[in-house]
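J.:
Protein chains: 2
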Amino acid sequence: MIEERVLLGERSYSIHIGRGAFELAVGESAGLSCSKIKTAVVSDAKVARLHAEKLSRLGAPSDRMEKDGTEKSKTFGELEDLCSRFAGMGLDRKSAVFAVGGGVIGDLVGFAAAVYMRGIDFYQVPTTLLAMVDSSVGGKTGINIDEGKNLVGAFHQPRAVFADMEFLDTLPKNEFAAGMAEVIKYGLLADREFFEMMYALEEPLNPRHPRMAEAVGRCCALKAGVVSGDERENSPNGGRSLLNLGHTFGHAIEKCAGYGTYLHGEAVAIGMVMAAEFSVRMCGLKISDAERIRELLLRYSLPVSLRRPIAAEALLEAMQRDKKAVSGSLRFVLMDEIGKAKTQPVDSAEVLDFLKSFA
Amino acid sequence: MIEERVLLGERSYSIHIGRGAFELAVGESAGLSCSKIKTAVVSDAKVARLHAEKLSRLGAPSDRMEKDGTEKSKTFGELEDLCSRFAGMGLDRKSAVFAVGGGVIGDLVGFAAAVYMRGIDFYQVPTTLLAMVDSSVGGKTGINIDEGKNLVGAFHQPRAVFADMEFLDTLPKNEFAAGMAEVIKYGLLADREFFEMMYALEEPLNPRHPRMAEAVGRCCALKAGVVSGDERENSPNGGRSLLNLGHTFGHAIEKCAGYGTYLHGEAVAIGMVMAAEFSVRMCGLKISDAERIRELLLRYSLPVSLRRPIAAEALLEAMQRDKKAVSGSLRFVLMDEIGKAKTQPVDSAEVLDFLKSFA
């Protein structure tokens, strides 16, 4: 079992990674129960079906409820429903909530925990690779509104994260691949050695790969380090914003193509290819490195170009509306080389020109 | 102009109190505008009508919107509407929102500012006495759900508060009185001298009373002191919980009678009379002091008993569901004497017995 710490003063917490991590969650829940602390368990409906026996050990039957784990659950309606159910179950300010599922469940349930009675404890049990390496670390929670994704939310750190590789065994292949896009991202932005390790693997990573938990742990450690230094994303030129490598393009793709057309990780994969090509143009990333990035993404069957073209103007407008556009300026995360990312403001006309060449 | 500081580290802020405080808000808004920081102004529709000329100086016309200031606005629907409008106006993470109105507007708009893009700045311009002395200080924001009042929300401190007495000139008499219930509360819980000052006044406080701003300032200072020591209400036996004097009863009355039947301050007035009588029974508050409390409340035409009886059992159940009931125990704020409040756990049977004698 691997343990990574996210250091945030009194909000510090551990991420437990490996086969068997779920049993630690069961133990934590039993401990709370002994202390007369009420708990609720909100699980992805699909995960609950695939791992029924396992989930039956977490909390009492009356504690458990299910939610659809797709992006369309991240609404005010579902948020209100969760808060009402928590109240109906008698959850009070000392209570705790377990979120069992992918990023959608973590974002929605974490946000509900953030606002129910102005904030109660919650635990993350990520069941997708994407959630394990990304959304379960860092405390970002939220929902979507018509005007954009994740435009409403809160920073709310979990008390602990339990990442059990067993859940990955039942993860659809394309979702595993989407998670790998984020795994690869960490190598690109801050850890060339990690990128080279992945690039050198004969057998690509998979849920039963002997180095899988290690890779997840490395991503968590990288993200934890970034988050510890910049919890609320206040650092404009580095810190958390570096985690957005590929995301400025990726979010725009998701929005323009319609949410659900691409998995988040798929959009990020295309976004990283775009960021790499933009880096070649803007700050001298080697063409051969951009090519190796594309190659590694392809090994995981990730898309490296748009399945259907999107007008450059539409992408630009979506980027300008994205929350990363602080007071009008457009900032991109670009790479000087693999493992060395930075943020850089770019003129809109320059962006448009690049988008036209790419699309 | 009186200035009180709420000391909360990097979240510290000032409360400006007096006729003309609104002009300071106008100045702040103009300063933000010069720095290219987008702002939104959300005003109580009634206040906007009564003070149209005044409000026209705060922000640009396209920044301004109105909301109904009654309790039924504190819903997920209105919260979503505000977030959507903020997005439509192009508010980004650096933007700021001004909330102009009573407690409902402050709670709703403050909560929207707390969750829009995971938190943007906001300023409070309280226009009711209740909001000036209570809800605008302390950073509590939130909305109601069917299961209870303020069950969903966030702690989100304003950047500054501007309390202009001019708004009180147009406040309905019963709303002014409701605010006075909270003003009197501060004397009861922590400041006997303040209580005696009010008790000794020949002319009761009113918006044009020479001591009005001073009284508001004293309440803000008392609340600020309590909040600084216990921002997130984690102190179970003192701290913020003392501010709930009269509120455990008051909230139950509001819930059982149906929200809107009593103004919040009216319910609190009855709740304080109940707390005083309960204090006589439980911890030796002098009967004569309980009588003086009732007398002072009556001078402001506040109710000191229920207009229609409510079953003791219903009140008890509502109290048990209230968020102040931490893991089942029932805690009350009681007074050893005027100006000395404390929290005390009380057995449910004892509470029921008292409620039956009161009703």
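Chain order of the listed sequences is A and B. Residue 44 in the working numbering sits at position 44 of the first sequence, and the numbers go up by one each step. Remember, the working numbering sits 1000 above the position in the second sequence when you count from 1. Where a beta carbon is used, it is the ideal one built from N, C-alpha and C, also for glycine. None of the values given here were measured: they were computed from a predicted structure.
Kindly list the residues whose CB is nearer than 7 angstroms to the CB of A1215 (chain B), restricted to its own chain and excluding five residues on each side of it in sequence; keep chain order.
T.: Translated into the one-based positions of the second sequence, residue 1215 (chain B) becomes position 215. Answer for A1215 (chain B): V1183 and L1205, listed in chain order.
J.: Please say whether A1021 (chain B) and A1131 (chain B) have beta carbons closer to each other than 9 angstroms?
T.: For the purposes of this step, residue 1131 (chain B) is taken as the residue at position 131 of the second sequence. For the purposes of this step, residue 1021 (chain B) is taken as the residue at position 21 of the second sequence. The answer is no: Cβ separation not under 9 angstroms.
J.: Got a sec: is the Cβ-Cβ distance from F1076 (chain B) to anything in chain A below 9 angstroms?
T.: The residue labelled residue 1076 (chain B) in the question sits at position 76 within the second sequence. With 9 angstroms as the cut-off, F1076 (chain B) counts as an interface residue toward chain A.
J.: Which residue wins for smallest C-alpha separation from K173 (chain A), given the options A:K340, A:G265, A:F195 and A:I37?
T.: In the first sequence, residue 173 (chain A) corresponds to position 173, counting from 1. Nearest of A:K340, A:G265, A:F195 and A:I37 to K173 (chain A), Cα basis: A:G265.
J.: How long is the line joining the alpha carbons of F332 (chain A) and V346 (chain A), rounded to whole angstroms?
T.: In the first sequence, residue 332 (chain A) corresponds to position 332, counting from 1. In the first sequence, residue 346 (chain A) corresponds to position 346, counting from 1. Cα-Cα distance, rounded: 7 angstroms.
J.: Beta-carbon within less than 6 angstroms of Y259 (chain A)'s beta-carbon, same chain only, minus the 5 sequence neighbours each way: which residues are those?
T.: Position 259 of the first sequence, counted from the first residue, corresponds to residue 259 (chain A). Excluding residues within five positions, the ones whose Cβ falls inside 6 angstroms are E71.
J.: Between I1310 (chain B) and M89 (chain A), what straight-line distance do the alpha-carbon atoms span, to the nearest angstrom?
T.: Counted from its first residue, the second sequence places residue 1310 (chain B) at position 310. Counted from its first residue, the first sequence places residue 89 (chain A) at position 89. Approximately 25 angstroms, taken between the alpha carbons.
J.: At a cut-off of 8 angstroms, would you count N144 (chain A) as near the ligand GTP, judging by its Cβ distance to the nearest heavy atom?
T.: Of ligands this structure carries none, so the ligand GTP is not represented either.
J.: If you run the structure through DSSP and keep just helix, strand and coil, what is I412 (chain A)?
T.: The displayed coordinates of chain A run from 1 to 359. Any statement about residue 412 (chain A) would go beyond what the structure contains.
J.: Examine the Cβ distances between the stretch 349-359 of chain A and the stretch 1023-1040 of chain B and report whether three or more of them are shorter than 8 angstroms.
T.: With a cut-off of 8 angstroms, the stretch 1023-1040 of chain B and the stretch 349-359 of chain A do not count as touching, because too few Cβ pairs lie within range.
J.: Using a Cβ-Cβ cut-off of less than 8 angstroms, give me the residues of the stretch 1154-1180 of chain B that come near chain A, in sequence order.
T.: Hits within the stretch, in order: A1154 and F1155.
J.: What are the residues in the stretch 83-96 of chain A lying within 7 angstroms of chain B by C-beta distance?
T.: Flagged, chain order: C83, S84, A87, G88, D92, R93 and K94.
J.: Residues of chain A with a CB under 7 angstroms from the CB of D1146 (chain B): which are they?
T.: The residue you call residue 1146 (chain B) lines up with position 146 of the second sequence. The answer, in chain order, is S84.
J.: Since Q124 (chain A) sits in a beta bridge, which residues does DSSP pair it with?
T.: In the first sequence, residue 124 (chain A) corresponds to position 124, counting from 1. According to DSSP, Q124 (chain A) bridges with A:A99 and A:V161.
J.: Could you pull out every residue in the same chain whose Cβ sits closer than 8 angstroms to the Cβ of S327 (chain A), ignoring the five residues on either side in sequence?
T.: As a first step, residue 327 (chain A) must be located in the first sequence, where it is residue number 327. Because the pLDDT at S327 (chain A) is just 48, under 50, the model does not fix this residue reliably, and the value given afterwards should be weighed accordingly. Once the five neighbours on either side are set aside, S327 (chain A) has no close Cβ partner at all.
J.: What residue range does the beta strand (DSSP E) around M335 (chain A) cover?
T.: Translated into the one-based positions of the first sequence, residue 335 (chain A) becomes position 335. Where M335 (chain A) is concerned, the enclosing beta strand (DSSP E) stretches over R331 to E337.
J.: DSSP three-state call for T39 (chain A): helix, strand or coil?
T.: In the first sequence, counting from the first residue as 1, residue 39 (chain A) sits at position 39. T39 (chain A): strand per DSSP, three-state reduction.
J.: I need the straight-line Cα distance from L1171 (chain B) to T1128 (chain B), nearest angstrom please.
T.: Residue numbering aside, residue 1171 (chain B) sits at position 171 when the second sequence is read from its first letter. Residue numbering aside, residue 1128 (chain B) sits at position 128 when the second sequence is read from its first letter. About 7 angstroms.
J.: Name the chain B residues whose beta carbon is nearer than 9 angstroms to that of V280 (chain A)?
T.: Looking up residue 280 (chain A) in the first sequence gives position 280. Those within 9 angstroms of V280 (chain A) in chain B number zero; the least Cβ separation is about 29 angstroms.
J.: Using alpha carbons as the reference points, say which of A:G225, A:A160, A:R211 and A:A177 lies closest to D191 (chain A).
T.: Numbered from 1 along the first sequence, position 191 holds the residue referred to as residue 191 (chain A). Nearest option by C-alpha distance: A:G225.
J.: Compute the beta-carbon to beta-carbon distance between L188 (chain A) and I270 (chain A), rounded to the nearest angstrom, for a pair I have assumed lies under 8 angstroms.
T.: One-based indexing of the first sequence puts residue 188 (chain A) at position 188. One-based indexing of the first sequence puts residue 270 (chain A) at position 270. No, L188 (chain A) and I270 (chain A) are not in contact; Cβ-Cβ is about 14 angstroms, not under 8 angstroms.
J.: Determine contact between the stretch 83-97 of chain A and the stretch 112-123 of chain A, defined as no fewer than three beta-carbon pairs at a distance below 8 angstroms.
T.: Result yes; three or more Cβ-Cβ pairs closer than 8 angstroms.
J.: Would you report the Cα separation of M1001 (chain B) and P158 (chain A), rounded to the nearest angstrom?
T.: Counted from its first residue, the second sequence places residue 1001 (chain B) at position 1. Counted from its first residue, the first sequence places residue 158 (chain A) at position 158. Cα to Cα, M1001 (chain B) sits roughly 44 angstroms from P158 (chain A).
J.: Below 7 angstroms on C-beta distance, what does V1152 (chain B) contact in chain A?
T.: The sequence position of residue 1152 (chain B) within the second sequence is 152, counting from 1. Those are C83, V115 and Y116, listed as they occur along chain A.
J.: Rounding to the nearest angstrom, what Cα-Cα distance links R93 (chain A) and P303 (chain A) in this structure?
T.: To locate residue 93 (chain A), count along the first sequence from 1; it is residue 93. To locate residue 303 (chain A), count along the first sequence from 1; it is residue 303. Looking at the two C-alpha atoms, the distance is approximately 45 angstroms.
J.: Taking 9 angstroms as the CB-CB cut-off, is K140 (chain A) touching chain B?
T.: The residue given as residue 140 (chain A) occupies position 140 in the first sequence. Closer than 9 angstroms: yes.
J.: For V1351 (chain B), name the three-state secondary structure that DSSP assigns.
T.: Here residue 1351 (chain B) refers to the residue found at position 351 when the second sequence is read from its first residue. Helix at V1351 (chain B).
J.: With DSSP as the reference, label R1292 (chain B) as helix, strand or coil.
T.: As a working mapping, residue 1292 (chain B) is identified with position 292 in the second sequence. Three-state result, R1292 (chain B): helix.
J.: Pull up the DSSP beta-bridge partners for G142 (chain A), would you.
T.: Numbered from its first residue, the first sequence carries residue 142 (chain A) at position 142. G142 (chain A) is bridged to A:G153.
J.: So E1080 (chain B) contacts chain A; which residues on that side make the cut at Cβ distance below 7 angstroms?
T.: Within the second sequence, residue 1080 (chain B) is the residue found at index 80, counting from 1. Going along chain A in sequence order, the residues near E1080 (chain B) (Cβ under 7 angstroms) are F76 and I145.
J.: For G1119 (chain B), would you say it is in contact with chain A, using Cβ-to-Cβ distances shorter than 9 angstroms as the test?
T.: By one-based count along the second sequence, residue 1119 (chain B) stands at place 119. Yes, contact with chain A.
J.: Can the beta-carbon of G69 (chain A) be found closer than 9 angstroms to that of A45 (chain A)?
T.: Along the first sequence, one-based indexing puts residue 69 (chain A) at 69. Along the first sequence, one-based indexing puts residue 45 (chain A) at 45. The answer is yes: Cβ separation under 9 angstroms.
J.: Just checking my contact of S1348 (chain B) with L1330 (chain B) at CB under 8 angstroms: how many whole Å lie between their CB atoms?
T.: Position 348 of the second sequence holds residue 1348 (chain B). Position 330 of the second sequence holds residue 1330 (chain B). S1348 (chain B) to L1330 (chain B), Cβ: 6 angstroms. Contact.
J.: Please report the distance separating the alpha-carbon of L315 (chain A) from that of A252 (chain A).
T.: One-based indexing of the first sequence puts residue 315 (chain A) at position 315. One-based indexing of the first sequence puts residue 252 (chain A) at position 252. Each residue's Cα considered, the two are about 5 angstroms apart.
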